[in-house]
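These notes concern the structure reproduced below.
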Amino acid sequence: MQRSGIGRALLALLSCVALARDAAAADFSPPDESLYLMGRYVYERNCLVCHGRWGDGDGEMAKGMIPKPRKFSAGIFKYRTTPAGTLPTDDDLIRTVRGGRANTSMPYFTQLSDREVRAVIEFIKFFSPKWRRPENFAAPVKLPEPPAWLDKEAEAATRAAPGKATFALACASCHGEHGDGKGPALAELKDAWGDPAYPADLRLPAFRNGRAPADIFRVLTLGIHGTPMASFAEALTEEQRWELAAFIGTLRPPKTAKR
Numbered sequence: 000m001q002r003s004g005i006g007r008a009l010l011a012l013l014s015c016v017a018l019a020r021d022a023a024a025a026d027f028s029p030p031d032e033s034l035y036l037m038g039r040y041v042y043e044r045n046c047l048v049c050h051g052r053w054g055d056g057d058g059e060m061a062k063g064m065i066p067k068p069r070k071f072s073a074g075i076f077k078y079r080t081t082p083a084g085t086l087p088t089d090d091d092l093i094r095t096v097r098g099g100r101a102n103t104s105m106p107y108f109t110q111l112s113d114r115e116v117r118a119v120i121e122f123i124k125f126f127s128p129k130w131r132r133p134e135n136f137a138a139p140v141k142l143p144e145p146p147a148w149l150d151k152e153a154e155a156a157t158r159a160a161p162g163k164a165t166f167a168l169a170c171a172s173c174h175g176e177h178g179d180g181k182g183p184a185l186a187e188l189k190d191a192w193g194d195p196a197y198p199a200d201l202r203l204p205a206f207r208n209g210r211a212p213a214d215i216f217r218v219l220t221l222g223i224h225g226t227p228m229a230s231f232a233e234a235l236t237e238e239q240r241w242e243l244a245a246f247i248g249t250l251r252p253p254k255t256a257k258r
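One point on numbering: in numbering that gives the first Met the number 0, the residue at position 105 of the sequence shown is 104, and numbering is uninterrupted.
Encoded structure:
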């Protein structure tokens, strides 16, 4: 009986592995070689100067940049809607190309056509073998809609109070007591490329991945791959993450009145 039970457990485990593999395969899409030449042209005219000829983030303009340009050859992308450790979707990459990244040297490229954007995205996939392995792909994580209380100023302020307590426990060591990005752990923080990792200044009017409560919640849930900013999906409940997002929204100083 015991062996039979072990056999069933092993079979169940193998079934789960197979399902996970099949799910990854369903989202797998290798680089589109038909767009390679156009993508290379767009990349060399718009991206090479920062990201480098071989996608190593060592272009001529990269010297002195903080943060450094993305190293496409590493196949690690910070901003994505997919689970930690997986590659971003094409839509994630399009969002970066079209919208840029606030507080960085990554500009927006609204002048490119949709086909040019698609082509350059396909081209950068050739820099890393990760894009040819199905196990690196996953569907976007389905996130909940923002709670209704976020649209009610008084209630949002009340819910931000426990968010402040959570911030002190989970965030202040990196982001600082007042959210200025200068917490006591700052000097020790490194990213996956060995460069200094600077926590976001949460008082700024724009964040690299969006400043809306839903954007903050997404980062708290998924983390930022390749950086010390981990996912809090397990450490904090959904309610705590929304309360924390509400509190972070209060850190931005009021707009200065126009004279």
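Using N, Cα and C, we set each Cβ at its ideal position, and we do this for glycine too.
Owing to the predicted nature of the structure, the values given are computational and were not obtained by experimental measurement.
Status (buried if at least 16 other CB within 10 Å, exposed otherwise) for Met60: Exposed, by the Cβ-count rule.
Reduced DSSP category for Lys189 - H, G, I as helix; E, B as strand; rest coil: The answer is strand: DSSP assigns Lys189 an E or B state.
Inter-stretch contact (C-beta, 8 Å, three-pair minimum) for the stretch 44-51 and the stretch 137-149: Result no; under three Cβ-Cβ pairs closer than 8 Å.
Pick from Leu34, Ser112, Val116 and Trp130 that is closest to Ser72, judged by C-alpha positions: Measuring from the Cα of Ser72, the nearest candidate turns out to be Trp130.
Own chain, CB closer than 8 Å to Asp214, minus 5 neighbours either side, in chain order: The beta carbon of Asp214 is closer than 8 Å to those of Phe206 and Asn208 in its chain, skipping five residues each way along the sequence.
Residues that DSSP places opposite Pro82 in a beta bridge: As DSSP reads the structure, Pro82 sits in no beta bridge.
Cβ-based burial, Ala155 [other Cβ within 10 Å; buried from 16]: With 16 or more other Cβ atoms within 10 Å, it is buried.
Bridge partner(s) assigned by DSSP for Pro29: Residue pairing by DSSP places Pro29 in no beta bridge whatsoever.
Segment limits, alpha helix (DSSP H) that includes Trp241: According to the DSSP assignment, Trp241 belongs to the alpha helix (DSSP H) that extends over Glu237 to Gly248.
Bounding residues of the alpha helix (DSSP H) (the contiguous stretch that carries Glu152): First-last of the alpha helix (DSSP H) with Glu152: Glu152 to Ala169.
9 Å Cβ cutoff met for Phe122 and Gly38: Using a Cβ distance threshold of 9 Å, Phe122 and Gly38 count as a contacting pair.
Supposed close pair Asn135, Leu86 - CB separation, criterion 8 Å: Yes, they are in contact, since the Cβ atoms of Asn135 and Leu86 sit about 5 Å apart, within 8 Å.
Element boundaries [alpha helix (DSSP H), containing Asn208]: Taken as a continuous stretch (DSSP letters only), Asn208 belongs to no alpha helix (DSSP H), as it is neither H nor E.
Given Gly173 as reference, the closest of Pro227, Phe216 and Ile120 once Cα atoms are compared: The question names Gly, but residue 173 in the sequence shown is Cys. Nearest option by C-alpha distance: Pro227.
Helix, strand or coil at Pro195 [DSSP, three-state]: Three-state result, Pro195: strand.
Minimum C-alpha distance to Lys70 - residue among Thr80, Gly56 and Lys77: Relative to the Cα of Lys70, the nearest Cα in the group Thr80, Gly56 and Lys77 belongs to Gly56.
Cβ shell of Thr157 (< 7 Å), same chain only, five flanking positions each side left out: Result list for Thr157: empty, nothing under 7 Å.
Residue from Gln239, Pro30 and Gly248 with nearest C-alpha to Arg132: Ranking the options by Cα distance to Arg132, first place goes to Pro30.
Proximity to Leu201 [Cα-Cα], best of Gly182, Ala186, Asp194 and Gly193: Per the Cα distances, Gly182.
Segment limits, alpha helix (DSSP H) that includes Phe122: Asp113 to Ile123 is the extent of the alpha helix (DSSP H) around Phe122.
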